[in-house]
Amino acid sequence: MCQVKVPVFVGADSVSYKLRLGSIVLLVVVIILLPFLQDSVNEKAARFVSDNESSHVGLPTEWNENQVICINFPEEYPHSVYSSGVTMIDTDGSIIGVNHDLNLTGACVGGFDGYTDGMDFMMDATRVAGGHLAVGYFVNPNWGEWIHTIGGLNEKEIEGDFNGAYWSLSHNGGYSMVGIGGLVMAEGDVISWNIATW
Amino acid sequence: MLDAHAIVLSPLETLVLNLSLLAIVAWSMWKAESSLDSGSSLTVLALMALFAVTGRVLLEPLPNVQPVTVIVLLVGIHYGATKSIGVATLVAIVSNLVLGHGLWTFYQALGWALIGVTGALLSQSLRIGEKISVPRVATLSFIAAFLFDWVVSISVLHSIPLESLPVYIMVGLPFDLAHGVGNVAFAAWLSEPLSEIMSRHSPKREVVVAPVKSST
């Protein structure tokens, strides 16, 4: 006869039953409250971003107090229209001018105010360019809105000596701590998108 | 959202579908395990890794709620540090083939490996006698959620300066909390059944062989 002595892990006791029930209830509550918690934290995080004054350098002076979005395209993948310098587009779609001194190519759309939701601002501002800066994105439950295409350039099209490329968001010149969907904007804020690699 | 031949499922419908699939996977693995010979620890490890991968992929609709952390912790408790590191790394790589592989895969593997090693180091403290202590595993798995998430957050230092890291970690706290509470739920529901399976096939188990009586 062969006897096998095995440590015994017996069935759940009353503490485990309470823990099972309680943990499911708590999990449901946390998932329901998560968007509100995240909004609150994002709002606090927005206070830590650098001053927006310096991020207006190179932009039209009439936008100094306004919200601006800039999209910068890589040298190897220039935009079909905004391929020379950075084109400055006002809220009505009119072109204010082109700045060739920024050593970048792309477009900035500015002159806005009153936006607090980053995604709303981005969609409204890029729409002003009449489709030239159309935005493509999907929603991931963990990351929120993930921007994959701006102005016809999909991040998956970028090739080079790296693992992958993505559209990277900056807030007032610094790396944004949250995605565009969680970004809380203040008056005079400048956000910009650049292709980054990993 | 899942596009199924022109039928677009809502996030809730997708979650229900995924939970059903996960239940089928869990049931089939449980049946498969019951037919294994005692001591098939490598097969059990493979089943654990497969369940962790499936759970992580299928529970994607729930933000940061997945069973990997608890499974790696339990593997560390029952099978030791080395095997938990193997399972942690394997789960990170295979699940990221679906969810997206990149630099973060290394940090995820590192984070889960640390949790597995912690489980191995504290394996005696996480038991009461020979019985797994579910409240202790649940408490440790709650803490482990924050540990794992902060290790993964270090990967952002490739993009941002060190002084920005505290703000980045602060922004992630609600997701850390969801991970922690999810871990408590997985610990409450999975600790005992998975411990029973793993201990049944543990290479450390004591085998007592009695003399075979002749039937004649």
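Those protein sequences? They're chains Y and E, same order as listed. The working numbering numbers the first residue of the first sequence as 308 and each following residue consecutively. The working numbering numbers the first residue of the second sequence as 1170 and each following residue consecutively. Backbone N, C-alpha and C define an ideal beta-carbon position, used for all residues, glycine too. Just so we're clear, the structure is a prediction, and the values are computed from it rather than from any experiment.
Check                                                                                                                                                                          : Outcome
Does DSSP classify H455/Y as helix, strand or coil?                                                                                                                            : strand
Taking all protein chains shown into account, do 16 or more other C-beta atoms lie within 10 angstroms of the C-beta of K312/Y, making it buried, or fewer, making it exposed? : Because the pLDDT at K312/Y is just 45, under 50, the model does not fix this residue reliably, and the value given afterwards should be weighed accordingly. Counting Cβ neighbours within 10 Å, K312/Y comes out exposed, since fewer than 16 surround it.
According to DSSP, is G1224/E part of a helix, a strand, or is it coil?                                                                                                        : helix
Pairing CB atoms from the segment 365-381 of chain Y with CB atoms from the segment 493-505 of chain Y, are three or more of them under 8 Å?                                   : yes
Does any CB atom of chain Y fall closer than 8 Å to the CB of A1195/E?                                                                                                         : no
Please classify V322/Y: does DSSP put it in a helix, a strand, or coil?                                                                                                        : helix
Identify which residue in T1308/E, I1262/E, L1216/E has its Cα closest to the Cα of S1197/E.                                                                                   : L1216/E
Is T423/Y helix, strand or coil when you go by DSSP?                                                                                                                           : coil
Using CA atoms only, rank isn't needed, just tell me which of L1184/E, L1186/E, L1219/E is closest to W1199/E.                                                                 : L1219/E
Determine, using beta carbons only, whether S1328/E comes closer than 8 Å to chain Y.                                                                                          : yes
Which whole-angstrom value is the C-beta distance of L1346/E and V337/Y, which I expect to be below 8 Å?                                                                       : 6 Å
Apply the 10 Å Cβ neighbour rule to A1257/E and answer buried if 16 or more other Cβ atoms are within range, or exposed otherwise.                                             : buried
Can you tell me where the beta strand (DSSP E) with V442/Y in it begins and where it stops?                                                                                    : 442-447
What do you get for L1359/E, buried or exposed, if any count of 16 or more other CB atoms within 10 angstroms of its CB means buried?                                          : buried
Is the CB of Y1276/E under 8 Å away from at least one CB in chain Y?                                                                                                           : no
Say the cut is 7 Å; is the CB of V1263/E nearer than that to a heavy atom of the ligand FAD?                                                                                   : Although the ligand FAD was asked about, the structure shown includes no ligands whatsoever.
Please check if any C-beta of chain Y sits within less than 8 Å of the C-beta of L1342/E.                                                                                      : yes
In chain A, what lies closer than 8 Å to G471/Y by C-beta?                                                                                                                     : The structure shown contains no chain A; the protein chains it does contain are Y and E.
With a cut-off of 8 Å, does the C-beta of F355/Y fall near any C-beta of chain E?                                                                                              : yes
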